[in-house]
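Asker:
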Amino acid sequence: MQFKDYANFHEMLDETIDKYGANQAYRWFDKEGNATSITWQKFYDQVKTVSKSLIALGVEKDDKINILSYTCYRWILTDVADMSIGIATVGIYQSNLPQDCEYIINHSDAVLVFAENQTQLDKLLEIRQNIPNIKKVILFNGKAKVDDWVITFDEFLALGKDIDDKVFEERIEQVTPKDTAGIVYTSGTTGVPKGVVLTHDNITYTCQSVYNSANFYDGEEMFVFLPLAHVFARTCCYTAIRTGNRTSFARSIDTLLEDFALAAPHWFVSVPRVFEKIYSKIISGAKAKGGIAEKIFDWACGVGSEVSTCKLNKQPISLGLGLKYKLATKLVFSKIHSALGGNVKWCISGAAPLNPDIAKFFHAAGLLILEGIGMTENTSFSNVNRPDNYNFGVVGPPGAGISQKIGEDGEVLYLGRNVMKEYYKMPEETAKTFTEDGWLKTGDIGEIDENNVLKITDRKKDLIITAGGKNIAPSPIEGIMATSIYFNQVCVVGDKRKYLSAVVTLDEANIKNYADTNQIPYETISDLIDHSDIKSLIDSELNDKNKNLPSFETIKKVIIVPEFTIENAMMTPTFKLKKNIILKKYEHEIDTMYQ
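In our numbering, the protein residues as written are -17 to 577.
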């Protein structure tokens, strides 16, 4: 494909305004579910207002500002305004602790912080004495009741009223493709977070590559609920700017299914954890109904699986199978589609491996999940399956304009204009991340087939080498175990051990439902964990999942622990397990499984 060399991000925005100015650009919902929307032209006007207010506050080209907030319209508005006048946006997860915020604020050399609400403001007030470079805090929601260090968003917008449009336009013209558009801090599954410097060219190039890797059409809707502090969600929002699609924002992760129904999107992006939770809810719901309803569900899944196989192999669907599938859709699968708003054509899964069995289940139900891969260091996009050319268990060919290869040690390497400039103020770490000839190291182990399709087998740092010398990738095993409706999260262990074990959290709702159905008395979930019938259930689930694995990859023992969450530091904001922390916390319990 032919890539356009944009002068900066704002030029790409200008194209969209010219083409789609009267179309709706963004939509968001209040607590009651009432929608507010804005056109591309009015969005542009607001970008100008925010930019002029930043100029009025004395924010210079190449300065950095932080956004400490959940995903919302004002997040993307502020971000685009920043980039338009050469300011770099640095997101901070709303789940971060005050000390984490302090590190990113200071390390990024930020001069302003935009905070979502009083909860986030309280974190900043706690560390105020330790962040001396912050001139102002602008509150997205709520009223500022501190001093002039904190102002409301409306007060902020009023600051730029006397700034001439020419000043705004001159600032836009100063921004070059190689200027920093944003610094994205890695969520840190290990070690100190690193600030990935992404340029305007990184972003505009990636948007064009994504655009040419999927089917986008005028008038379509994108739904976003992942944190915008993570580059995956940001890149998708930027791509929606490139395509002119409207973006709807979830109110919170707790209202996700309600918000899907409100937004009725045509496409969205997610992480495997969300698909796993939806899958578990569907399966457990069918089992709970029992009787004829469960039999109909199982029949529909069988029919769907046959149709899925035909589609994968590009074989015709017979008349009889087609009729059965229509009935299966009416009786069962239509409910899944309705829960997601009824319009979804396809969705993308990234940020972690997706269990192929879960992808196949949704495909059987008529929902296509395209697995892809990327990392913060390559603007979150390198490979993706295509709507007209896909498979499961692979991450597809590289995007247009992106080169891939496998290193001598099996590591996946990339080259392209989507690759970051550097780690901010970390030259030694930057040097370690590139080969001598300039290829980006990913830390992933993979294989490339004759069609240039990439399959990831695991992370280099996660590979388990047993005492018997077997090299084992834990991710596929964890994915298989996670298909149990009774297992919530699974962390496989066994490095330098005789066999594999796992640290497991349970699906509390399904365990309690099993206990109620089987008249097992309990007061708390802890009572059930120690009950012999529940132990037998867990053993039965373990044996059932182990049937799908070679003997040396089977899980011999498990320990049950409380849920891994972002709040207890066991999980990143994109729902990836922090395995090093889990292994350290449960070191003694893990040792007991090998005694």
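Every residue, glycine too, gets a C-beta built ideally from N, C-alpha and C.
#1: With residue 118 as the anchor, note down where its beta strand (DSSP E) starts and where it stops.
#2: From what residue to what residue does the beta strand (DSSP E) around residue 203 run?
#3: Do residue 331 and residue 253 have their CB atoms nearer than 8 Å?
#4: Mapping the DSSP letters down to three states, classify residue 552 as helix, strand or coil.
#5: Run through DSSP, which three-state label would residue 380 get?
#6: With DSSP as the reference, label residue 329 as helix, strand or coil.
#7: So within the region 349 to 406, which uninterrupted beta strand (DSSP E) runs reach at least 3 residues, ignoring any that extend past its ends?
#8: Any chance you could list the alpha helix (DSSP H) runs of at least 4 consecutive residues sitting entirely within the region 60 to 132, in chain order?
#9: At the level of alpha carbons, what is the spacing between residue 444 and residue 464?
#10: Give the single residue among 90, 93, 92 and 125 whose Cα lies nearest to the Cα of residue 104.
#11: Note down, in chain order, each residue of its chain lying with its Cβ closer than 6 Å to the Cβ of residue 318, except the 5 sequence neighbours on either side.
#12: Does the distance from the CB of residue 87 to the CB of residue 113 come in under 8 Å?
#13: Between which two residues does the beta strand (DSSP E) containing residue 174 stretch?
#14: Between the region 448 to 461 and the region 473 to 493, do three or more beta carbon pairs fall short of 8 Å?
#15: Quick one: what does DSSP say residue 428 is sitting in, helix, strand or coil?
#16: Given this structure, state the Cα-to-Cα distance separating residue 153 from residue 118, to the nearest angstrom.
#17: Check each candidate in 264, 267 and 309 and name the one with the smallest Cα separation from residue 285.
#18: Using 10 angstroms around the beta-carbon of residue 41, count the other beta-carbons present and answer buried if the total reaches 16, otherwise exposed.
#19: Alpha carbon to alpha carbon, what distance is there between residue 290 and residue 376?
#20: Helix, strand or coil, according to DSSP, for residue 195 in the structure here?
#21: Mind the definition here: the region 502 to 514 touches the region 545 to 552 only if three or more C-beta pairs lie below 8 Å; say whether that holds.
#22: Would you say residue 537 and residue 519 are within 8 Å of each other, going by their C-beta atoms?
#23: Report the CB separation of residue 109 from residue 74 in whole angstroms; it is logged as a contact under 8 Å.
#24: Run through the DSSP bridge pairs and tell me what residue 578 is partnered with.
#25: Where DSSP assigns a beta bridge to residue 9, which residues make up the other side?
#26: Is there contact between the region 392 to 399 and the region 422 to 430, where contact requires at least three CB pairs shorter than 8 Å?
#27: Can you tell me whether residue 164 is helix, strand or coil according to DSSP?
#28: For residue 18, which residues in the same chain have their Cβ closer than 8 Å to its Cβ, ignoring the five residues on either side in sequence?
#29: Applying the criterion that 16 or more other CB atoms from any shown protein chain within 10 Å of the CB defines a buried residue, is residue 534 buried or exposed?
#30: Counting C-beta neighbours from all protein chains within 10 Å, is the total for residue 244 16 or more, i.e. buried, or is it exposed?
#31: For residue 31, which residues of its own chain have a beta-carbon under 7 Å away from its beta-carbon, when the five flanking residues on both sides are left out?
#32: So, is residue 345 buried or exposed, given that buried needs 16 or more other C-beta atoms within 10 angstroms?
#33: Using a Cβ-Cβ cutoff of less than 7 Å, which residues in the same chain neighbour residue 573 once the five nearest sequence positions on both sides are dropped?
#34: Between which two residues does the alpha helix (DSSP H) containing residue 297 stretch?
#35: Report the three-state DSSP secondary structure of residue 214 (helix, strand or coil).
#36: Do you know offhand how far residue 224's Cα is from residue 539's?
Answerer: Answer, in terms of the structure:
#1: From DSSP, the beta strand (DSSP E) with residue 118 extends over 118 to 121.
#2: Per DSSP, residue 203 belongs to the beta strand (DSSP E) from 203 to 206.
#3: The answer is yes: Cβ separation under 8 Å.
#4: Judged by DSSP in its simplified three-state form, residue 552 adopts coil rather than helix or strand.
#5: Judged by DSSP in its simplified three-state form, residue 380 adopts strand.
#6: It is a strand residue.
#7: The DSSP assignment places 350 to 355, 385 to 388 and 393 to 397 as complete runs of the beta strand (DSSP E) inside the region 349 to 406, in order along the chain (cut-off: 3 residues).
#8: As for any alpha helix (DSSP H) of minimum length 4 sitting wholly inside the region 60 to 132, the runs are 80 to 89 and 100 to 108, ordered along the chain.
#9: Annotation: residue 444 to residue 464 spans about 18 Å, alpha carbon to alpha carbon.
#10: Out of 90, 93, 92 and 125, the CA that lies nearest to the CA of residue 104 is found in 125.
#11: Hits under 6 Å: 347.
#12: Yes.
#13: Where residue 174 is concerned, there is no enclosing beta strand (DSSP E), given that its DSSP letter is neither H nor E.
#14: Of all C-beta pairs linking the region 448 to 461 to the region 473 to 493, three or more are shorter than 8 Å, placing the two stretches in contact.
#15: Here DSSP, grouped into helix, strand and coil, assigns residue 428 to strand.
#16: Those two C-alpha atoms are separated by around 21 Å.
#17: Answer by Cα proximity: 309.
#18: Result: buried.
#19: So the alpha carbons of these two residues sit roughly 16 Å apart.
#20: Here residue 195 sits in coil by DSSP.
#21: Between the region 502 to 514 and the region 545 to 552 there are fewer than three C-beta pairs closer than 8 Å, too few to call the two in contact.
#22: Taking 8 Å as the cut-off, the beta carbon of residue 537 is found no closer than this to the beta carbon of residue 519.
#23: Here residue 109 is actually not in contact with residue 74; their C-beta atoms are around 12 Å apart, not less than 8 Å.
#24: The requested residue 578 is not part of the displayed model; the chain covers only -17 to 577.
#25: Beta-bridge analysis with DSSP links residue 9 to 19 and 230.
#26: Between the region 392 to 399 and the region 422 to 430, the count of Cβ pairs shorter than 8 Å is three or higher; the stretches touch.
#27: In the three-state reduction of the DSSP assignment, residue 164 falls in the strand class.
#28: Counting only Cβ-Cβ distances below 8 Å, and skipping sequence neighbours, we find 9, 10, 11 and 12.
#29: Label assigned to residue 534: exposed.
#30: The residue in question, residue 244, is buried, as its Cβ has 16 or more Cβ neighbours within 10 Å.
#31: The answer, listed in chain order, is 139 and 142.
#32: Under this definition residue 345 is a buried residue.
#33: Within the same chain, residue 573 has no close Cβ partners at all.
#34: Judged by DSSP secondary structure, residue 297 falls outside any alpha helix (DSSP H); it is assigned neither H nor E.
#35: If DSSP states are grouped into helix, strand and coil, residue 214 belongs with the helices.
#36: Taking the straight line from one Cα to the other gives about 50 Å.
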